[in-house]
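Colleague: This note's numbering numbers the first residue of the sequence shown as 19 and each following residue consecutively.
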Amino acid sequence: MSGLGKFFISLVVFAAICAAGLYWFVNHEVERAFNQAVSDVPGLIVSYDDISVRFSDQSVILEGVEAALPGGQRVSADEVRFSSFDQKNPVPHFAAAQARGVLMRVTPANFGTWAAPLLSMGVREVRGDLAVDYAYAPASQALTVRTLSLSAPELGEVSLTGTVDRLDLDQLRVEKLLGLRLVNVDLIYEDHAMVTMLLRSSARLLGISPDEARQRILAEISTMARYSAREGNGVAERALLGLAEFVAEPGRVVVSARPDEPVPVLYFFMGRDFYENLHLLNVSVTTDYERDI
19 MSGLGKFFIS LVVFAAICAA GLYWFVNHEV ERAFNQAVSD VPGLIVSYDD ISVRFSDQSV
79 ILEGVEAALP GGQRVSADEV RFSSFDQKNP VPHFAAAQAR GVLMRVTPAN FGTWAAPLLS
139 MGVREVRGDL AVDYAYAPAS QALTVRTLSL SAPELGEVSL TGTVDRLDLD QLRVEKLLGL
199 RLVNVDLIYE DHAMVTMLLR SSARLLGISP DEARQRILAE ISTMARYSAR EGNGVAERAL
259 LGLAEFVAEP GRVVVSARPD EPVPVLYFFM GRDFYENLHL LNVSVTTDYE RDI
């Protein structure tokens, strides 16, 4: 073999060793930084089988994840990929992550007051994929949720986007939340089986058929819409009629809140009723038929 050939082979081997060393170093540093970020959040416990960095898009991938959240919730996932994550602040000012193969047991700790209804419908666990993408602007104290979604094939797909302001993310204390304001929000839900399961559960409790349960719910919503009309609350009337349309023909529904001015969350604890809150938030409901109700 010529001297040039030997030099080329040596160069390739050296480059491979350097690449392997760099890969090990980056993964080691990322793991150290991630573990430190987790330990900085009181009550958060995360374990995983493996952590790696994908150089093509600088994303961090965790496999075999088990997590206990500060609120007591427990969740697992086959894979979690962080596309971006703020490491400079104790409470991250931005993050984008996708979780595949998410599993949450239906327990009061995980679902709160929703646990009992879900269990009564025979839902013992929720499986699906989760995505979150948010950013915080310290200057305006505004938190914008670009994506918060859960796709659970056996139940439905739900996603939330919106903005709140007057939120001091760097000093999260209860008294600091009193000035929190809702700027806007969009909730999109596409039903797979949840509405049918709810109707069957209601029917069992009432001793009637699911169709009869649906008609009773529609009658109640219609009564509420007529009351709104008599009170001159067109926003509430249209929103309730949209809800009735969805219950009659479950599919895709969009619930939007577009108040003329940001609404302090404190307002919801000042004696306003359901109808007044719909008007205050300027709520609209749009169904599959693309008719703004």
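Glycine is no exception: its CB is placed at the ideal position from the N, C-alpha and C atoms.
Can you check whether the CB of Val-301 is closer than 8 angstroms to the CB of Ala-266?
Modeller: No, these two residues do not count as a Cβ contact at 8 angstroms.
Colleague: First and last residue of the beta strand (DSSP E) that includes Asp-67?
Modeller: Unbroken run through Asp-67: none, as it is neither H nor E.
Colleague: Measure how close the beta-carbons of Asp-147 and Gly-174 come, nearest whole angstrom, since I'm counting them as under 8 angstroms.
Modeller: Asp-147 to Gly-174, Cβ: 13 angstroms. No contact.
Colleague: I need the boundaries of the beta strand (DSSP E) containing Ile-235, first residue and last residue.
Modeller: No beta strand (DSSP E) contains Ile-235, which is instead part of the alpha helix (DSSP H) from 228-248.
Colleague: Could you give the distance in angstroms between the alpha-carbon of Glu-81 and the alpha-carbon of Tyr-66?
Modeller: Cα to Cα, the separation comes out at about 6 angstroms.
Colleague: Any chance you could list the beta strand (DSSP E) runs of at least 3 consecutive residues sitting entirely within the region 255-295, in chain order?
Modeller: As far as the region 255-295 is concerned, its whole beta strand (DSSP E) runs of at least 3 residues are 270-275.
Colleague: Can you list the beta strand (DSSP E) stretches of 3 or more residues lying completely in the region 120-176, in chain order?
Modeller: As far as the region 120-176 is concerned, its whole beta strand (DSSP E) runs of at least 3 residues are 143-155 and 160-170.
Colleague: Identify the continuous alpha helix (DSSP H) that holds Leu-224 and give its terminal residues.
Modeller: Leu-224 -> alpha helix (DSSP H) spans 212-224.
Colleague: Would you say the region 283-302 touches the region 217-229, given that touching needs at least three Cβ pairs under 8 angstroms?
Modeller: Contact between the region 283-302 and the region 217-229 is absent, because fewer than three Cβ pairs lie under 8 angstroms.
Colleague: So who's on the other strand from Gly-180, going by DSSP bridges?
Modeller: Answer is Val-163 and Val-203.
Colleague: Tell me the DSSP secondary structure of Gln-116 in three-state form.
Modeller: The answer is strand: DSSP assigns Gln-116 an E or B state.
Colleague: Does the region 153-160 come close enough to the region 178-188 to have 3 or more Cβ pairs within less than 8 angstroms?
Modeller: Yes, the region 153-160 touches the region 178-188.
Colleague: Excluding the five sequence neighbours on either side, which residues of its own chain have a C-beta within less than 8 angstroms of the C-beta of Ile-63, listed in chain order?
Modeller: Correct list, in chain order: Val-56, Ala-85 and Ala-86.
Colleague: The beta strand (DSSP E) with Val-83 in it runs from where to where?
Modeller: Where Val-83 is concerned, the enclosing beta strand (DSSP E) stretches over 77-86.
Colleague: Among the residues of its own chain, which have a CB less than 7 angstroms from the CB of Val-124, if the five just before and after it don't count?
Modeller: Excluding residues within five positions, the ones whose Cβ falls inside 7 angstroms are Ala-133, Leu-136, Leu-137, Val-141, Arg-142, Glu-143 and Val-144.
Colleague: To the nearest angstrom, how far is it from the Cα of Gly-89 to the Cα of Ala-127?
Modeller: Distance between the alpha carbons of Gly-89 and Ala-127 is about 8 angstroms.
Colleague: Count the other C-beta atoms from every protein chain shown that fall within 10 angstroms of the C-beta of Leu-22, then say buried if there are 16 or more, exposed otherwise.
Modeller: For Leu-22, the predicted structure reports a pLDDT of 43, less than 50, and the residue's modelled location is therefore unreliable. The matter cannot be settled from this model.
Colleague: Are the CB atoms of Val-273 and Leu-205 nearer to each other than 8 angstroms?
Modeller: Closer than 8 angstroms, so yes.
Colleague: Do you know how far the Cα of Ser-101 is from the Cα of Ala-114?
Modeller: Rounded to the nearest angstrom, the two C-alpha atoms are 5 angstroms apart.
Colleague: Any chance the region 240-258 sits against the region 289-300, with 3 or more Cβ pairs inside 8 angstroms?
Modeller: The region 240-258 is in contact with the region 289-300.
Colleague: Between which two residues does the beta strand (DSSP E) carrying Val-98 extend?
Modeller: Where Val-98 is concerned, the enclosing beta strand (DSSP E) stretches over 92-103.
Colleague: Whole angstroms is fine: what's the gap from His-111's alpha carbon to Leu-200's?
Modeller: Answer to the nearest angstrom: the Cα atoms are 18 angstroms apart.
Colleague: Return the first residue and the last residue of the beta strand (DSSP E) that Val-303 is part of.
Modeller: It spans 301-304 - the beta strand (DSSP E) in which Val-303 sits, taken as one unbroken run.
Colleague: Around the C-beta of Pro-60, are 16 or more other C-beta atoms found within 10 angstroms, so that it is buried, or is it exposed?
Modeller: Per the 10 Å Cβ criterion, exposed.
Colleague: Is Val-83 near Ala-95, with beta carbons less than 8 angstroms apart?
Modeller: For Val-83 and Ala-95, yes; Cβs fall inside 8 angstroms.
Colleague: On a Cα-Cα basis, can you pick out the residue from Ala-231, Thr-162, Glu-97 and Ala-262 that is closest to Val-203?
Modeller: That would be Thr-162, whose Cα lies nearest to the Cα of Val-203.
Colleague: Exposed or buried, what is Ser-227 when buried is set at 16 or more other beta-carbons lying within 10 Å of its beta-carbon?
Modeller: The residue is exposed, with fewer than 16 neighbouring Cβ atoms inside 10 Å.
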